[in-house]
Structures are given as structure tokens and as C-alpha cells.
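Notes for the one structure printed next.
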Amino acid sequence: MYSNYTIKSLIGRARLQVLHSPVVISKLFRFIRSLKLDLSGYGSVAIATIICTLVLLTLGHSGILQQLELMIYDRMLLRRADEAPDPRLLIVGISDDDIQKLGQSTLSDHIVALVLEKLSAFKPKVIGLDIYRDLPQGDGITELNAQLQKPNVFVITKMGEAGTGKLEVPPPPVVPAERIGFNDLVNDSDGVIRRGLLFGQLTPEKTLFSFPLQLALAYLTAKGIEPQNSENNPKEIRWGAAVFLPLESNSGGYRNIDAKGYQILLNYRSRRNVARQVSITQILLGQIQPEWVKDKIVLIGYTAASKKDLFLTPYTPANSNNPRMPGVLIHAHLTSQILSAVLGERPLFWFWPEWAEILWIATWSLIGGTLAWYARHPFVLAIGSGVMFVVVFASGFYLLLRSGWVPVAAPAIGLLLTGASVVTYRAYQAQQQQQMVMKLLGQNTSPEIADALWKSRDRLLKDGKLPGEKRLATILFTDLKDFSTISEQMPPEVLMEWLNEYLTVLTEEVRAHHGIINKFTGDGIMAVFGVPIPSYDQKAIATDARNAVCCSLAFSERLKQLNQDWKQRGLPVVQMRVGIFTGPVVVGSLGSKNRMEYGIIGDSVNVASRLESVEKERQFDICRILIAKETLDFLEDDFLVEPWGPLVLKGKNKTVDVYRVIGRKS
Numbered sequence: 222m223y224s225n226y227t228i229k230s231l232i233g234r235a236r237l238q239v240l241h242s243p244v245v246i247s248k249l250f251r252f253i254r255s256l257k258l259d260l261s262g263y264g265s266v267a268i269a270t271i272i273c274t275l276v277l278l279t280l281g282h283s284g285i286l287q288q289l290e291l292m293i294y295d296r297m298l299l300r301r302a303d304e305a306p307d308p309r310l311l312i313v314g315i316s317d318d319d320i321q322k323l324g325q326s327t328l329s330d331h332i333v334a335l336v337l338e339k340l341s342a343f344k345p346k347v348i349g350l351d352i353y354r355d356l357p358q359g360d361g362i363t364e365l366n367a368q369l370q371k372p373n374v375f376v377i378t379k380m381g382e383a384g385t386g387k388l389e390v391p392p393p394p395v396v397p398a399e400r401i402g403f404n405d406l407v408n409d410s411d412g413v414i415r416r417g418l419l420f421g422q423l424t425p426e427k428t429l430f431s432f433p434l435q436l437a438l439a440y441l442t443a444k445g446i447e448p449q450n451s452e453n454n455p456k457e458i459r460w461g462a463a464v465f466l467p468l469e470s471n472s473g474g475y476r477n478i479d480a481k482g483y484q485i486l487l488n489y490r491s492r493r494n495v496a497r498q499v500s501i502t503q504i505l506l507g508q509i510q511p512e513w514v515k516d517k518i519v520l521i522g523y524t525a526a527s528k529k530d531l532f533l534t535p536y537t538p539a540n541s542n543n544p545r546m547p548g549v550l551i552h553a554h555l556t557s558q559i560l561s562a563v564l565g566e567r568p569l570f571w572f573w574p575e576w577a578e579i580l581w582i583a584t585w586s587l588i589g590g591t592l593a594w595y596a597r598h599p600f601v602l603a604i605g606s607g608v609m610f611v612v613v614f615a616s617g618f619y620l621l622l623r624s625g626w627v628p629v630a631a632p633a634i635g636l637l638l639t640g641a642s643v644v645t646y647r648a649y650q651a652q653q654q655q656q657m658v659m660k661l662l663g664q665n666t667s668p669e670i671a672d673a674l675w676k677s678r679d680r681l682l683k684d685g686k687l688p689g690e691k692r693l694a695t696i697l698f699t700d701l702k703d704f705s706t707i708s709e710q711m712p713p714e715v716l717m718e719w720l721n722e723y724l725t726v727l728t729e730e731v732r733a734h735h736g737i738i739n740k741f742t743g744d745g746i747m748a749v750f751g752v753p754i755p756s757y758d759q760k761a762i763a764t765d766a767r768n769a770v771c772c773s774l775a776f777s778e779r780l781k782q783l784n785q786d787w788k789q790r791g792l793p794v795v796q797m798r799v800g801i802f803t804g805p806v807v808v809g810s811l812g813s814k815n816r817m818e819y820g821i822i823g824d825s826v827n828v829a830s831r832l833e834s835v836e837k838e839r840q841f842d843i844c845r846i847l848i849a850k851e852t853l854d855f856l857e858d859d860f861l862v863e864p865w866g867p868l869v870l871k872g873k874n875k876t877v878d879v880y881r882v883i884g885r886k887s
């Protein structure tokens, strides 16, 4: 026996090594085979679940499913209700219309200084200038420096490529480091901004804070709420009501992303209005209310399309007119997210550990396999799979509404993949069972019986063989008269060909009369009517008996034609005997799994065989057909018969009433 620990250990090693070792999957299959599980029932579902889960984990860790997970994540965000604008923020946008009115493609230092002065008059808590000022622009540098030296004014820099130790765009030299934040944005492989970078390493010794983090930090510090590092986890930051943990490379639907620095999943407030927004022209003309600014965080930045400070977001597909969001608005979203989390208004996104994600995927894979195994009807399977598919997405969306991001594409694919695998296995199993049935019956079953048998395979097949069952059937034996003498006079190869012609005719007639040939007895056959599909009522049993007698009469007609042909070809002409008996038999598989046949045993078989061979000298026509009274009772006076009286059959103590069938009355 293998313990649960052993199986889990193997699965873990396979998942970690599968990208590096092409033989891991084959080893897994060998391991599974060594368990000797029963694959005829729920074992096949379990194996399909394990294999499909490993395949999905492999695809996931290779990054193949990441884009699909991100697309689903974006669609769920679009269906989430927008929140109201953040009342703690004010955005001062610089649009193309402002640029035209001011006649400046890049705002001069004088204009910027004037805007800062007018805003400061309304006593904002923090002012964030999302405009690069590494070089003087026009006149007014002295005025601007005076404004930038105010303790509540924050400016930006651009960190650029990590590890270079240099800033790509330096900040204004008059601003101290504690009021500088980088405005770098982290985009995913598809160019969409879904993550926010809180701080990063310019050099191993120097850490830079982001622009939104600096604004939120200043605002909250003024309220006496400061972040604290955790003593137990160096990555954990406790800040007010929030516990910050950085994104890992495999958090949520991400796989192997660059998680350098301290990143969090950006929780956008809404697709349109993160906060009240005014234009820089309104500020200059005094067209704003003081309460819009007082004690607020004010962000100033370009919203003009001409400045190309625009980015794709998860809301891009829904905003066909303005598909890209200005950088200053993204910074406002991240600032609002930090404030709301720290003040306990909106939780940060959380993610499951990797083991929980594996269990999540495996659970849905198991559901898909179970549904495929038990839903036999295609319509039921289609409806059930559709419902479960919707439940997967609904579960993911429900968790997202509660700030949890879990994989959705992987479990949905697992649901369908495992279901498809089980359906495929069932189809393969059905084919194997069909081959087994046909092997048991040989190739001598009528199409109608073969089809009926296959439709009843679930009842008939058990443990790879047909269980023994009692039936009331009609048994038919045939034999050629003087075959031993004939065979002595013919070369073996000619004898074989001649005999096959004869047996082919018998086989055709048995099939045509809905019987099966159970075995060939050299120059004869044993045929049965009423198996493997049982005949329970008297009418069906009578039909089997009439079919057997009609089949024997057909033998007689076909043998006449064969004799004429053989005579012309110089081959022997023959006579045949038929014995028919209706009675109880036991049918089922006979032999071992490697060598078995469809066995029919019982005293009724012996009686039919003895009827064929009784009083061989009494042969009056080309085909002698003898039946017992047990068969005659089912014929309903449809045939002309000649009573032969009670006869003692070989090996039998009691006599049997025997009748010779002459023909049909009609």
C-alpha cells in the first residue's frame, strides 16, 4: 500500500520537475499502474483528476494560462460595481484644451508656481506634482523653487531600470528626499497596469518610495497613523487596519512574473471617477470651491492625449472612447487604495497559498470527472457541465467581490478537461467491452442479437466476464451422415474447403433466424436460440423454438442446392441430421481471462445432442430433424410432425417423446 504522503510527495516532485524532465509523466503513469487501481469505476475519475491537475499545473507554471487568467480577471473587474469618488482626493488635470488656452505645450515654471500658490491658499493636506521638473522651463524658476520648498509639496522622479543606481529623470534639486517619489508604473506582458509598486531598490543600500505611497504616508502620518514592520515577517507591514504583503511571482492568476520591489495588486476604485477632477485653467481662474481643496490630497498631472502619459488598464475594453487612463489618475487610484486599506474601508487583495490553489483546481477537475462518469446521457452531461462551468466563474467573481483573487481559467479548464478525459476513457472502455463481448460470442451472432446484447452490456458485463445466468432456450445440434467415410476419401485441403462451404451456409441461416452459433463440432454446429438476450415470457420462448425449427428446414433447402453444385464439381453429396430441444440452460463466460468462450451448459444441451444422433439408420430425407415434446409444445401446431414415440437416448435413464419434423403446414 502507498500512503497519502507518498502520493502527495510524488505529485509534488512531478509538478516541480515536469518542465525539466520529459520522463516525469511516464514515471507517473508507471506509478499509477503499480497501485493496481480499479479503473472501471471511480478509480478512473481519480486518475483522470490527478493527471489533468498535473497537466494544468505544468501549463500554469510555464505561463501559458496567465494571459487567460488576466483576461478573466479584467472581465470580472468590469462587472464589479464602481465605488463613489474618493472625497479625500482632488485631481488637477492638464488637458489638451488647457495647453491650447495657455499656449504652452510644456507648462512653464511660472504657471506651475502660480497653480501651487493658488492651491496652497486653500490649505490642502498634501500636494503631489506629477510633472517632471529636472530642468527649468521658461521663466519663474525662483517662484517655483519657493513653492516646492513648502513641506506639503511632493514631486516625482523616474527610477528607470532597477539596479543601475541612477535615476532616469532626477527630481528638482531643492526638494529633500523625503518628499520625492518615483512615478514608475508596472505593466503586465499585455501592457495593462494591474499592479502598483510601493517602493523599490535604486541600489542595495538605497530604497525609493513611490509617488502614491509618499502622498498617502504624508496624509496618514498627519493623522498619527504610521506603518510598522512586523517582527515575525520582514515582508509584512502593519499599517492601521491593513496588513501589507507583497505580491509573489505566482500570486492569484500570475505565474512567474517579475515581482521585484514591493508590489501590490492595484484595486481600482472605478472605471471613470476616482476623485473630483478640475482643470488647471479652473485653478488659474479661481473657479473652484475652497472645500474641494482644504485638507485634501491634490494631484497635479497631464491628462492630455498629446503628452502620451496614457496607459492600458483592466477597464480599457469598456472605454472605447478613452481606452487609456492618464498616469496621474492611476497614481490617484493607488493613493486611494492605500488610504482606504489603512483606514479599514476597503481591504487589500488577498491570495491563496499554492497548496490551496492546487486543491481548488483538483476539486473542480474531480467534479468534472465525476459528472462525466455518472451523467450517461449527452444532454444531461452538456447541461451539467455548463452549470458547473458557470459555478466556477461565479465562485471566482464572488471571491473577487470580497477582495480575493483565485485562478478561474485553470479550474474551468480542469472541469472540462477531466470530463472530456473520462468521457474518452468511457468510450474506450465501451469499445473494449464490445470487443470482449464479440470475442465471447465469436463472429456468429445475428446483428439483432449482437446489438441487443451491446445495449444490455451494463447488466451482462461484470468483472470482465459474463456471469452465469439461467435461461430457457432452444438448443440445436447438427451432424453430417457418414462424414468419417467421406473424409477418408478426400485430401485434407479439399476436405477443409468443402466443409467450410457447408458450415458457411449453416452460419448464414442461424444468423438469419436470430440464433447464435456457440461452437463448431467438426462437421456440425451447436446453435442456441434465446441467448444471450433472455426470453422470459412464453411467447418469446415459443418464437425461439419456431426459429430453430424454421432454421432446420432452411438447412434442408440450402443443402439440396449445395448437393447439386457439389455433384457438378465432382464432390461428395451428403445428408445431415438435426436435433432440437427446448429447456433450461446456464449461460455465461467459460474459461479464464486469457482464454474464454461463451459457455452454454445443462442437461438440455445433452438432450439436443442425443436427439441428433439417435437411431442414425432412420434417415428418410436429405435433412432429418428430430425434436422433443418439450419443443413441440411451443410450436402451436404450425408444423407437420411424425411421432416416433418415447425413445431412450444415450446416457439418459428416462425416455424422451421424439417427433420428426416434416415441414410447415402452410
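So the mapping is simple: the working numbering equals the position in the sequence shown, first residue as 1, plus 221. A virtual CB, placed ideally from N, CA and C, is assigned to each residue, including glycine. The structure displayed is predicted, hence computed values, not measured ones.
Residue nearest to residue i in terms of C-alpha spacing, selected from the options
i: A525; options: Q325, G421, V835, N477; result: Q325
i: T556; options: C273, D307, G381, G884; result: D307
i: P864; options: T876, N543, A849; result: A849
i: K427; options: G823, A398, A443; result: A398
i: K322; options: L506, K444, P391; result: L506
i: T279; options: I446, G359, V347, I582; result: I582
i: D318; options: L311, T327, L310; result: T327
i: N874; options: L587, L311, R831, T424; result: R831
i: G809; options: E690, V835, K760, I843; result: E690
i: G220; options: V749, E469, V613; result: In the structure displayed, the chain extends from 222 to 887; residue 220 sits before or after that span and is not available.
i: T852; options: T764, A437, S642; result: T764
i: C771; options: L466, K886, P357, S527; result: K886
i: P888; options: T639, S410, L365; result: Since the first residue shown for the chain is 222 and the last is 887, residue 888 is missing from the structure and cannot be characterised.
i: G522; options: H735, R881, I315, P392; result: I315
Residue span of the alpha helix (DSSP H) that contains residue i, given as start and end
i: T537; result: Per DSSP, T537 belongs to no alpha helix (DSSP H) and is neither H nor E.
i: L724; result: 713-733
i: R831; result: 824-834
i: T876; result: It is not in any alpha helix (DSSP H) - T876 instead sits in the beta strand (DSSP E) that spans 876-885.
i: F614; result: 599-622
i: S586; result: 575-595
i: L888; result: Beyond the ends of the chain as shown, which are 222 and 887, falls residue 888; an answer cannot be given.
Opening and closing residue of the beta strand (DSSP E) in which residue i lies
i: V799; result: 797-812
i: E863; result: 860-869
i: Q503; result: That residue, Q503, is in no beta strand (DSSP E); its alpha helix (DSSP H) goes 501-505.
i: L888; result: Given a span of 222 to 887 for the chain in the structure shown, any question on residue 888 remains unanswerable.
i: F572; result: No beta strand (DSSP E) holds F572; DSSP gives it neither H nor E.
i: A463; result: 463-465
i: K740; result: 737-741
Local conformation of residue i per DSSP, three classes
i: Q759; result: helix
i: E690; result: strand
i: L240; result: Confidence is the limiting factor: at L240 the pLDDT is only 36, short of 50, which leaves the residue's position unreliable and the question unanswerable from this model.
i: D700; result: strand
i: S410; result: coil
i: Q484; result: strand
i: K873; result: coil
i: Y523; result: strand
i: L564; result: coil
i: Y819; result: strand
i: Q558; result: helix
i: I707; result: helix
i: N768; result: helix
i: P511; result: helix
i: W460; result: strand
Could I get the ranges of all uninterrupted alpha helix (DSSP H) runs contained in the stretch 343-408, with 4 residues as the minimum, in chain order?
-> The qualifying runs are 362-369.
Any beta strand (DSSP E) of 3 or more consecutive residues that is wholly inside the stretch 424-450 = Taken in chain order, the complete beta strand (DSSP E) segments of 3 residues or longer contained in the stretch 424-450 are 427-430.
Is the stretch 583-597 close to the stretch 456-463, with three or more CB pairs under 8 Å?
-> No contact exists between the stretch 583-597 and the stretch 456-463.
What runs of the alpha helix (DSSP H), each 4 residues or longer, lie entirely inside the stretch 250-329?
-> Listed in chain order, the complete alpha helix (DSSP H) runs (minimum 4 residues) inside the stretch 250-329 are 263-282, 287-300, 317-323.
Could you tell me whether the stretch 786-804 touches the stretch 686-706, using the rule of 3 or more Cβ pairs below 8 Å?
-> Output reads yes: the stretch 686-706 touches the stretch 786-804.
Is the stretch 403-420 touching the stretch 468-485, taking contact as three or more C-beta pairs under 8 Å?
-> Counting Cβ pairs under 8 Å, three or more are found: they touch.
Hey, is the stretch 534-550 in contact with the stretch 571-589, meaning 3+ C-beta pairs nearer than 8 Å?
-> As far as the Cβ criterion goes, the stretch 534-550 does not touch the stretch 571-589, which means the pair count is below three.
Any 3 or more C-beta pairs closer than 8 Å across the stretch 293-305 and the stretch 610-620 | Short answer: they touch.
The stretch 399-407 touching the stretch 548-565, judged by at least three CB pairs closer than 8 Å = Yes, since at least three Cβ pairs between the stretch 399-407 and the stretch 548-565 fall closer than 8 Å, the two stretches touch.
How about the stretch 367-380 and the stretch 337-345: do they share at least three Cβ pairs that are nearer than 8 Å?
-> Because the criterion of three Cβ pairs below 8 Å is met, the stretch 367-380 and the stretch 337-345 touch.
Taking one C-beta from the stretch 633-644 and one from the stretch 269-287 each time, how about it: are there three or more such pairs within less than 8 Å?
-> The stretch 633-644, when compared against the stretch 269-287, does touch it at the 8 Å Cβ threshold.
Three or more beta-carbon pairs under 8 Å between the stretch 768-786 and the stretch 707-714, yes or no?
-> Contact fails: fewer than three Cβ-Cβ distances are below 8 Å.
On the three-pair Cβ rule with 8 Å, is the stretch 789-797 touching the stretch 699-708?
-> As far as the Cβ criterion goes, the stretch 789-797 touches the stretch 699-708, which means the pair count is three or higher.
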